[in-house]
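The opening position of the sequence shown corresponds to residue 6 in the numbering used here, with each subsequent residue numbered one higher. Glycine included, every Cβ here is placed at the ideal spot set by N, Cα and C. First the structure, in the form of structure tokens, and then the observations on it.
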Amino acid sequence: MNYVTIENNYSIQTFDLTKKYKDQNAVNGINLAIKRGEVFSLLGPNGAGKTTTIHMLCCLLKPTAGTATIMGYDIKKNPSAVKEVIDISPQETAIAGHLTAWENLMLMGGINGLKKEETKKRAKELIELMGLAERANEQVQNFSGGMQRRLSIAMALISDPPVLFLDEPTLGLDPQARRAIWKHIEHLKEKKTIILTTHYLEEADALADRVAIISEGNIIAIGTPKELKNDIYGMRTVVIKAQKLSSTCIEGLKEMYLSVREIDDGIEIKARELNFDEIVDYIRSSGAKIEWFSMEEPSLDDVFLSLTGKEMIK
Numbered sequence: 006m007n008y009v010t011i012e013n014n015y016s017i018q019t020f021d022l023t024k025k026y027k028d029q030n031a032v033n034g035i036n037l038a039i040k041r042g043e044v045f046s047l048l049g050p051n052g053a054g055k056t057t058t059i060h061m062l063c064c065l066l067k068p069t070a071g072t073a074t075i076m077g078y079d080i081k082k083n084p085s086a087v088k089e090v091i092d093i094s095p096q097e098t099a100i101a102g103h104l105t106a107w108e109n110l111m112l113m114g115g116i117n118g119l120k121k122e123e124t125k126k127r128a129k130e131l132i133e134l135m136g137l138a139e140r141a142n143e144q145v146q147n148f149s150g151g152m153q154r155r156l157s158i159a160m161a162l163i164s165d166p167p168v169l170f171l172d173e174p175t176l177g178l179d180p181q182a183r184r185a186i187w188k189h190i191e192h193l194k195e196k197k198t199i200i201l202t203t204h205y206l207e208e209a210d211a212l213a214d215r216v217a218i219i220s221e222g223n224i225i226a227i228g229t230p231k232e233l234k235n236d237i238y239g240m241r242t243v244v245i246k247a248q249k250l251s252s253t254c255i256e257g258l259k260e261m262y263l264s265v266r267e268i269d270d271g272i273e274i275k276a277r278e279l280n281f282d283e284i285v286d287y288i289r290s291s292g293a294k295i296e297w298f299s300m301e302e303p304s305l306d307d308v309f310l311s312l313t314g315k316e317m318i319k
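Right, dumping it as structure tokens:
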């Protein structure tokens, strides 16, 4: 397909994009400009508006107000053209379990209107890319969750769209399977514009060129992971392991600092103005014995905490 001429360097632009349900805004007038060839992450907790935004951009849900363009096509005026330049790997893995990986890809190629020989060529490339070659002819109902997610991404790529949406691509997977998916997404960088929704902070940090933090339907910050972390200069995390750490001591620390979380045999404290000497003195005065401690640099978790006053629910 010949795309319309884009006068700027953006694959996606949104203009006061809004979705309202009764009296509540699920997405509240967001404005984004996503560059061609970048991995852009929408980061936020469950219910923040990430999937609703993606569904509007994919023409699966009509906006209440505002609009967006993808590769120059308006999602409200020309949804059929938009659908030809995008694809999505949805949050719920959409595969036919009784078919093989090869058959799923051939089926998806047919649905997208590809010729049989072209579909075969793309399917072979994607099976190799996603590390599925050894089990390509096995029914996918026997695949692990990680392998099924990799197949789902391959199916979204069969039509070779310039814009790819990955909605929570590693949701529910164990850390090893998640990192395997990350590796495959890395291979797609620079070839596609990728919009990644996630509530895994380390996922956005590892994969995204830029991140938009969304909370309660509003974009509250946008920038590279490094820029966002630099913007909260002063936010620090200290992890302390101690013997005989009492509940009274922990409750006292919770009154003093923004975020105090109990971990195995210790605590994790996050604060902008973190007085380490004060913390140590307080813990020791309670009768606890400090075994070791560590100070950590800001993370995207700290960014979210600084902006919203609450931690991301993972």
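Assignment of residue 81 by DSSP, reduced to helix, strand and coil, places it in the coil class. The residue from 244, 49, 87, 231 with its alpha-carbon nearest to that of residue 202 is 49. Short of 7 Å from the beta carbon of residue 141, and not among the five residues preceding or following it, lie these beta carbons of its own chain, in chain order: 105, 106, 107, 132.
In the three-state DSSP reduction, residue 71 falls in the strand class (E or B). Only residues of its own chain outside the window of five on either side were considered, and among them 244 have a CB closer than 6 Å to the CB of residue 299, listed in chain order. The C-beta of residue 289 has fewer than 16 other C-beta atoms within 10 Å across all chains shown, which makes the residue exposed.
Comparing alpha carbon positions, the residue from 195, 174, 24 closest to residue 221 is 24. Counting C-beta pairs with one atom in each stretch, the stretch 208–228 and the stretch 28–43 have three or more that are closer than 8 Å, which means they touch.
Distance from the CA atom of residue 271 to the CA atom of residue 235, rounded to whole angstroms, is 28 Å. Residue range 168–172 is occupied by the beta strand (DSSP E) that includes residue 168. The C-beta separation of residue 308 from residue 226 comes to about 7 Å, placing the pair in contact by the 8 Å criterion. Closest option to residue 18, judged by alpha-carbon separation, among 61, 54, 52, 26: 61. The three-state reading of DSSP puts residue 257 in helix, counting H, G and I together.
Below 8 Å, enough C-beta pairs join the stretch 151–170 and the stretch 117–137 to call them touching: three or more.
One thing to note: residue 16 has its Cβ within 8 Å of the Cβ of residue 75.
Contact check between the stretch 282–296 and the stretch 241–261: three or more CB pairs, one atom from each, fall below 8 Å, which counts as touching. A direct Cα-to-Cα measurement between residue 241 and residue 275 gives close to 6 Å. The beta carbon of residue 215 sits closer than 6 Å to those of 45, 229, all from its chain and outside the five residues before and after it, given in chain order.
Its chain contains 72 as the residues whose beta carbon lies nearer than 6 Å to that of residue 81, once the 5 sequence neighbours on both sides are disregarded; these appear in chain order.
Separation of residue 247 and residue 40 (C-alpha to C-alpha, rounded to the nearest whole angstrom) is 48 Å. In the DSSP secondary-structure assignment, residue 301 is bridged to 242.
Shown here for residue 293: same chain residues with a beta carbon closer than 8 Å to its own, the five before and five after excluded, namely 247, 248, 249, 250, 251, 254 in chain order. Cβ-Cβ separation between residue 150 and residue 178: approximately 6 Å, consistent with a contact (criterion under 8 Å).
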